[in-house]
Structures are given as structure tokens and as C-alpha cells.
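Heads up: the protein sequence lines correspond to chains A and B, in order.
If you're matching positions, the first sequence starts at 3 in the working numbering and goes up one per residue.
If you're matching positions, the second sequence starts at 3 in the working numbering and goes up one per residue.
We treat Cβ as the ideally placed atom computed from N, Cα and C, and that holds for glycine.
Just so it is clear, the structure is predicted and the values come from calculations on it, not from any experiment.
To keep things clear, I will list the structure first and then write my remarks on it.
Number of protein chains: 2
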Amino acid sequence: MPTGTKKILILGGLGFIGKNLYNRLVQDGHAVTILTERIHDESDGFLTPTVRQHTVQGSILNPQLMNNIVAPFDVIFSLAGSSGAADSIRDPYHDLDTNLKGHLNILEACRQHNPGALLVFPSSRLVYGKPAANPVREDHPLQPESIYAIHKITTEHYYLLYQRLYGIRAVIFRIANPFGPFQRFGSNNYGILNWFIHRALVGEPIEIYGDGSQQRDFIYINDLVEVLTRTIDTPAMAGNIYNLGAGGGISLRQAVEVIQKYIPATQVVFRQWPEIAKKIETGDYIADIELLKQHTGWAPRTSFDAAMKETIAFYDRSNK
Amino acid sequence: MPTGTKKILILGGLGFIGKNLYNRLVQDGHAVTILTERIHDESDGFLTPTVRQHTVQGSILNPQLMNNIVAPFDVIFSLAGSSGAADSIRDPYHDLDTNLKGHLNILEACRQHNPGALLVFPSSRLVYGKPAANPVREDHPLQPESIYAIHKITTEHYYLLYQRLYGIRAVIFRIANPFGPFQRFGSNNYGILNWFIHRALVGEPIEIYGDGSQQRDFIYINDLVEVLTRTIDTPAMAGNIYNLGAGGGISLRQAVEVIQKYIPATQVVFRQWPEIAKKIETGDYIADIELLKQHTGWAPRTSFDAAMKETIAFYDRSNK
Numbered sequence: 003m004p005t006g007t008k009k010i011l012i013l014g015g016l017g018f019i020g021k022n023l024y025n026r027l028v029q030d031g032h033a034v035t036i037l038t039e040r041i042h043d044e045s046d047g048f049l050t051p052t053v054r055q056h057t058v059q060g061s062i063l064n065p066q067l068m069n070n071i072v073a074p075f076d077v078i079f080s081l082a083g084s085s086g087a088a089d090s091i092r093d094p095y096h097d098l099d100t101n102l103k104g105h106l107n108i109l110e111a112c113r114q115h116n117p118g119a120l121l122v123f124p125s126s127r128l129v130y131g132k133p134a135a136n137p138v139r140e141d142h143p144l145q146p147e148s149i150y151a152i153h154k155i156t157t158e159h160y161y162l163l164y165q166r167l168y169g170i171r172a173v174i175f176r177i178a179n180p181f182g183p184f185q186r187f188g189s190n191n192y193g194i195l196n197w198f199i200h201r202a203l204v205g206e207p208i209e210i211y212g213d214g215s216q217q218r219d220f221i222y223i224n225d226l227v228e229v230l231t232r233t234i235d236t237p238a239m240a241g242n243i244y245n246l247g248a249g250g251g252i253s254l255r256q257a258v259e260v261i262q263k264y265i266p267a268t269q270v271v272f273r274q275w276p277e278i279a280k281k282i283e284t285g286d287y288i289a290d291i292e293l294l295k296q297h298t299g300w301a302p303r304t305s306f307d308a309a310m311k312e313t314i315a316f317y318d319r320s321n322k
Numbered sequence: 003m004p005t006g007t008k009k010i011l012i013l014g015g016l017g018f019i020g021k022n023l024y025n026r027l028v029q030d031g032h033a034v035t036i037l038t039e040r041i042h043d044e045s046d047g048f049l050t051p052t053v054r055q056h057t058v059q060g061s062i063l064n065p066q067l068m069n070n071i072v073a074p075f076d077v078i079f080s081l082a083g084s085s086g087a088a089d090s091i092r093d094p095y096h097d098l099d100t101n102l103k104g105h106l107n108i109l110e111a112c113r114q115h116n117p118g119a120l121l122v123f124p125s126s127r128l129v130y131g132k133p134a135a136n137p138v139r140e141d142h143p144l145q146p147e148s149i150y151a152i153h154k155i156t157t158e159h160y161y162l163l164y165q166r167l168y169g170i171r172a173v174i175f176r177i178a179n180p181f182g183p184f185q186r187f188g189s190n191n192y193g194i195l196n197w198f199i200h201r202a203l204v205g206e207p208i209e210i211y212g213d214g215s216q217q218r219d220f221i222y223i224n225d226l227v228e229v230l231t232r233t234i235d236t237p238a239m240a241g242n243i244y245n246l247g248a249g250g251g252i253s254l255r256q257a258v259e260v261i262q263k264y265i266p267a268t269q270v271v272f273r274q275w276p277e278i279a280k281k282i283e284t285g286d287y288i289a290d291i292e293l294l295k296q297h298t299g300w301a302p303r304t305s306f307d308a309a310m311k312e313t314i315a316f317y318d319r320s321n322k
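Have a look at this one:
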């Protein structure tokens with residue numbers, strides 16, 4: 003391999019972040035392997051024959067497989083696991099098994115077979131719960147409002163403990179609301195903007211709970227992936243937890259206005275909060291991203307409008 | 003039942019805290035049931051025929067049993083689960099199963115069959131890790147240094163979430179270093195003072211890692227149990243996390259001096275720190291107990307010297 007290129011494993015590499023990260027890492031010249039539980043050939047054009055050659059089918063829930071696979075890699079992105087705050091409340095045991103046990107398997111495998119690896123774990127802004135004030139710094143109290151968010155905190159601690167006990171380096175990101183190409187489409191479980199764009203593209207009205215004034219910190223996937231790649235060459239990041247967002251708030255109403263700019267026929271209806279959604283709604287969230295900027299020199303580069311335009315174009319030509 | 007008496011379930015009621023709590027609650031006139039995984043008739047005289055009548059054998063790891071058992075109780079003390087920071091590092095999966103799944107079973111059973119119950123969960127001072135300064139308030143950052151401590155944090159969040167989502171009341175205590183009668187004897191896994199007393203009573207030297215200057219907040223079990231009973235009649239405690247300690251520091255060297263006062267032949271040897279013990283040693287710890295005092299009016303009543311005298315006398319006449 004050329005100097006500077008690394009052997010990189012993406013666990014859960016056929017998810018939203020995984021696909022975008024894979025493309026970027028390959029473009030940067032790295033040797034990238036994907037591990038995925040199911041090889042689902044979606045209509046988004048990602049799974050080319052070349053990508054398929056670098057994809058291994060298997061689960062992080064299989065400790066033996068993890069023991070066998072981790073050794074050769076310089077960097078492991080731990081993107082596998084189930085997501086969904088509401089689902090985790092309906093079935094806490096499932097969330098426990100897929101998230102906590104899965105990440106213990108990754109860490110135990112690295113402890114035994116690859117303690118020199120750098121691990122990157124995506125946590126969530128949901129660990130904060132309802133912020134006392136915005137923007138939210140990393141030392142804000144943690145008041146998780148779902149089993150999913152509780153287990154994100156647990157997993158953060160796992161990674162930090164394994165660095166402390168065994169020297170396995172770990173970088174943790176509390177990711178805000180990512181959006182962009184390759185997010186799973188056609189369900190409201192995977193990112194509200196993609197769901198909104200889907201509704202607009204198929205000519206159905208966008209439903210908003212409440213008055214649409216609630217703010218989110220929407221981070222475009224290309225900007226997010228840029229941060230993930232910085233971990234490879236920034237040793238000082240190891241052992242730290244960083245907020246990863248755009249550092250600004252956009253209301254759902256503003257987001258819809260941008261969609262209407264590019265898909266003018268888009269309709270919106272406002273609905274009352276369903277009970278469970280209301281209980282886990284966290285109110286406005288804006289990330290304080292100063293720590294990340296200081297340690298990496300990174301700053302988000304894509305405007306919300308430009309990012310939405312690219313995202314809409316992507317979905318318009320792939321899988322509506 | 004007389005007015006004011008409650009139906010109370012102690013999960014893990016044959017443990018150290020459980021036995022002392024049982025005796026006190028019965029003395030106060032409550033109707034108390036013990037659930038225990040194993041009915042082990044130790045030589046400490048606790049398991050009388052009467053107590054045995056109120057003891058049910060079963061595990062919190064059995065969800066069906068939990069569903070069947072919780073309904074009639076006003077208060078449930080969730081004292082079951084495995085303990086041991088070093089053990090949890092050797093087998094994180096075991097700690098995950100016995101602690102996290104067990105407490106989810108309790109909470110799910112109450113959600114479905116007894117949402118009006120008051121639950122009391124014993125967390126640990128170990129959630130803080132190495133304190134930045136003493137005394138430690140409840141809002142001190144959490145830097146757990148073992149899987150055991152991580153899972154204590156997770157379980158705290160579980161209890162608070164179930165109160166938030168389903169109205170099940172929960173009171174959480176971060177317990178310092180409890181000691182006194184009925185602590186398991188003859189092993190250094192269950193409380194350092196009891197281990198020291200055991201060594202002194204059998205005429206073996208007490209081993210101290212380092213110079214013995216490390217301070218602990220030793221809380222006598224009678225004072226601790228008094229706090230647990232306050233939860234029954236103090237509704238304002240629900241939803242809170244409290245430090246539970248004596249609020250002062252005693253060094254291991256001082257503790258040994260008190261043992262030598264009552265068992266004059268006691269020998270001490272100082273040893274270098276073993277590797278794993280050194281990694282999870284948290285340094286001095288003193289609890290700030292102001293919040294607990296404010297909410298309950300409680301204060302510890304037993305001097306360290308008097309508590310040690312009682313504890314030594316108990317072990318001297320029961321199981322050496």
C-alpha cells in the first residue's frame with residue numbers, strides 16, 4: 003500500500019454513515035473492508051461488484067467471528083448496532099443484546115487480538131436528553147430519555163474503560179442529526195429530513211408534530227465523514243468524546259421551506275404529538291462543537307441549503 | 003396489618019444489606035418477603051425457621067418469576083445482582099447478564115403488574131471513579147473504572163427512565179463503603195473492613211496495599227439501613243440519586259488501629275499494589291451527604307469506633 007494508507011474495517015458498513023464513509027476512505031486510498039449483518043442490495047447503487055468484493059457478511063454479535071476478523075486492521079469504525087429510540091423502549095432487551103453485547107464483542111476481540119487498533123464509536127446527542135440550554139457542551143448532564151440513549155452512554159464508558167485498562171485507543175462522537183445520500187429511505191425511523199424528502203418526492207404531505215418550531219442540529223454527511231477521517235491522523239483525539247454537529251439550529255419548519263424551494267408542490271400538515279413521541283421528544287438541540295474544532299481544525303463546509311439540494315437530487319435519481 | 007405497615011419485597015435479601023434491612027423492617031412491623039437465588043444457610047444465625055417462611059427461592063434473571071411475584075408489594079428493594087469490580091473486568095458478559103438484565107426484569111415486571119410500587123436501587127460510589135476532589139457531590143463527573151461501575155450507571159438510568167416513562171417511583175443511593183454484621187466473611191471480595199476483621203480474628207496478618215493512607219467513607223450498616231427505611235415515608239425522595247456514606251474519611255491505617263484496640267495481637271503487613279488492583283483503585287473517597295440530610299433529616303449516628311466494636315463482637319461470636 004502507498005505510504006499513509008491504512009487497513010480499515012467498517013462494522014455496519016452498509017448503513018447510512020458506513021456507505022458514505024466507505025466511499026470517502028476508498029477515494030483517499032485506504033484499503034477498506036465492510037462487515038455487514040445482511041447484504042441487502044438496495045436500489046441506491048452503492049453495492050457495486052467491487053464493493054461486494056470488500057464486503058464480509060457477519061454479525062458483531064458473533065464473538066468468534068469478531069476474534070477472527072479484527073487482527074489486521076489499523077482502524078475500526080464501530081458503526082454496527084440497532085438504532086431507534088422508540089424501538090428500544092418497546093423492546094429494551096433487544097437493544098441491550100444488539101448494542102451492549104455487540105460492542106463488548108468488538109472490544110474483547112481487540113483486547114485479545116489487536117490492542118493497537120484505533121476504534122471509532124458513534125454515540126448520539128440523545129445522551130443529553132432535553133438540554134437545559136443550547137448550545138450543549140460535552141460536559142452537559144446526561145439525562146437519556148430512552149433505552150437506546152442509555153445504552154449509548156454505557157457503550158461510551160466501555161470504550162473509554164478499554165482504552166484505560168488495555169490501551170486500545172478510542173474516539174467517541176455524540177452525533178447530532180445527520181442527513182444526506184444513502185440514508186435509509188421510506189421510513190421515519192432513520193432521519194427526519196430524509197423522511198420529509200421522501201414524502202415530498204412521492205407527492206405525499208409532510209407531517210410535523212407540533213408547530214414545527216423545534217430546532218435540530220442537522221449535520222451533512224459529507225461534513226460528518228470528513229470528521230471521521232480526521233481520527234486516522236490525529237492521535238490526540240484518542241480517549242475523547244466530541245459533539246459532532248453543524249453547531250447551529252434549523253427548525254423543522256425552516257427545513258420544509260428549503261424542501262419546498264426545490265420541490266415546490268410539497269404540502270405540510272401539522273399534527274398533535276403522539277404519546278410516545280412526546281415523551282421522548284428532547285426539545286431544541288444545538289451542539290457546541292468548539293472542542294472538536296480545537297482538536298482537529300475542522301469546520302462544517304456545506305450550507306444547509308446546498309446539502310439539502312444535493313440530498314434531494316440524490317434521492318430523485320435513485321430510490322424514491 | 004397495623005396502620006403504616008407495608009408489604010415489602012427484598013430482592014437479594016440474603017445478602018449483607020438485605021439481612022440487616024430485613025431485621026430492621028420486621029422490627030418496624032412491616033410484612034417482609036425475601037427473594038434469593040440460593041438459600042445458603044450460613045453460620046451467622048440469620049436464617050431462622052421464621053425467616054425461612056418468608057423467603058422465596060428464585061432469580062431476578064427469571065422474567066416470568068418476576069412477573070408473578072411483584073404485584074402485592076408497596077416497596078421493593080432491588081438488592082440482587084452480582085458485585086465485584088475486579089470480577090466484572092474478568093467477565094464483562096456475566097456482569098451484564100446478572101446486573102442489567104436482572105434489573106430490566108424487575109422494572110418490566112413492575113411496569114406491567116405493579117406500576118405503583120416504590121423501588122429502591124443501591125448504586126455505588128464507584129460510579130465516580132477517582133474523585134477530582136473530596137467530598138464528592140452527586141453532580142461530580144462519572145468516570146467508572148470497571149464494568150461493574152459502568153453497569154451501576156446504566157441501571158441508575160434504567161430506574162430514572164421507568165419513573166419518567168411509567169411513573170414507577172425510584173430512589174437511588176450511591177453507597178460508599180458499608181460494613182457491619184452479616185457481611186460475607188472470609189473473602190476480600192466483600193468489604194475491606196470485614197476482611198481485615200476476619201484476618202485479625204483468625205490470627206493472620208492484615209495485608210494493606212500501599213502505605214495505608216488511602217481514605218474510605220465507611221458507613222455502618224445500621225446507619226445505612228436507617229436511610230433505606232426513610233424511603234418508605236418520604237415521597238419527595240422519588241426520582242433522586244443520593245450519596246450514602248458517613249460523610250467523613252477514615253484511612254485504612256486508622257481502621258487497623260481501631261481493630262488493634264479490640265484485638266491487640268493484630269499484625270499488619272504492607273504490600274505493593276497488584277497490577278489489576280492498582281488500575282481500579284480510585285484513591286481517597288469521601289461522600290458529600292448534604293442532599294440526603296436535607297431531604298430526610300437523617301444523619302449517621304454510630305461512631306466508627308463503636309461500629310467497629312459491634313462488628314468485631316458479632317463476628318467473634320458467629321462465623322469466624
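Check the Cβ of residue i against every Cβ in chain A and list those closer than 9 Å, keeping chain order.
i              : result
residue 103(B) : 95, 98
Can you find a CB in chain A that lies within less than 8 Å of the CB of residue i?
i              : result
residue 281(B) : yes
residue 115(B) : no
residue 142(B) : no
residue 106(B) : yes
residue 21(B)  : no
Consult DSSP for residue i and reduce its assignment to one of helix, strand or coil.
i              : result
residue 209(A) : strand
residue 122(A) : strand
residue 51(A)  : helix
residue 260(A) : helix
residue 6(B)   : coil
residue 171(A) : strand
residue 137(A) : coil
residue 330(A) : Outside the modelled stretch of chain A, which goes from 3 to 322, sits residue 330(A), for which no answer is possible.
residue 80(B)  : strand
residue 322(B) : At residue 322(B) the pLDDT is 44, less than 50, meaning the model places this residue with poor confidence; the figure from the coordinates comes in the next sentence. Correct three-state label for residue 322(B): coil.
residue 316(B) : helix
residue 145(B) : coil
residue 165(A) : helix
residue 269(B) : coil
residue 88(A)  : helix
residue 291(B) : coil
residue 58(B)  : strand
How would you label residue i, buried or exposed, when you count the other beta carbons within 10 angstroms and need 16 or more for buried?
i              : result
residue 124(B) : buried
residue 157(A) : buried
residue 14(A)  : buried
residue 258(B) : buried
residue 29(B)  : exposed
residue 105(A) : buried
residue 45(A)  : exposed
residue 131(B) : buried
residue 213(B) : exposed
Hey, is residue i's beta-carbon within less than 8 Å of any beta-carbon in chain B?
i              : result
residue 152(A) : yes
residue 322(A) : In this predicted model, residue 322(A) has a pLDDT of only 44, less than 50, meaning its place in the structure is not dependable enough to derive any value.
residue 147(A) : yes
Residues of chain A with a CB under 7 Å from the CB of residue i: which are they?
i              : result
residue 284(B) : Result: empty, since nearest Cβ-Cβ is about 12 Å, beyond 7 Å.
residue 160(B) : 152
So residue i contacts chain B; which residues on that side make the cut at Cβ distance below 8 Å?
i              : result
residue 91(A)  : 167
residue 170(A) : In chain order: nothing, as chain B lies at least about 14 Å away.
residue 155(A) : 155, 156, 159
residue 163(A) : 146, 147, 148, 149, 152
Please decide whether residue i counts as near chain D, where near means a Cβ-Cβ distance under 8 Å.
i              : result
residue 242(B) : No chain D is part of this structure, whose protein chains are labelled A and B.
Contact between the segment 236–252 of chain A and the segment 207–214 of chain A (3+ Cβ pairs under 8 Å): The way I'd put it, the segment 236–252 of chain A doesn't touch the segment 207–214 of chain A; fewer than three beta-carbon pairs between them come closer than 8 Å.
Validate contact between the segment 44–51 of chain B and the segment 110–118 of chain B using beta carbons, cut 8 Å, 3 pairs: With a cut-off of 8 Å, the segment 110–118 of chain B and the segment 44–51 of chain B do not count as touching, because too few Cβ pairs lie within range.
Inter-stretch contact (C-beta, 8 Å, three-pair minimum) for the segment 222–230 of chain A and the segment 269–289 of chain A: No, the segment 222–230 of chain A is not in contact with the segment 269–289 of chain A.
At least 3 beta-carbon pairs within less than 8 Å: the segment 157–169 of chain A vs the segment 300–309 of chain A: They do not touch, by the three-pair rule.
The segment 61–74 of chain B touching the segment 85–94 of chain B, judged by at least three CB pairs closer than 8 Å: Too few Cβ pairs lie closer than 8 Å, so no.
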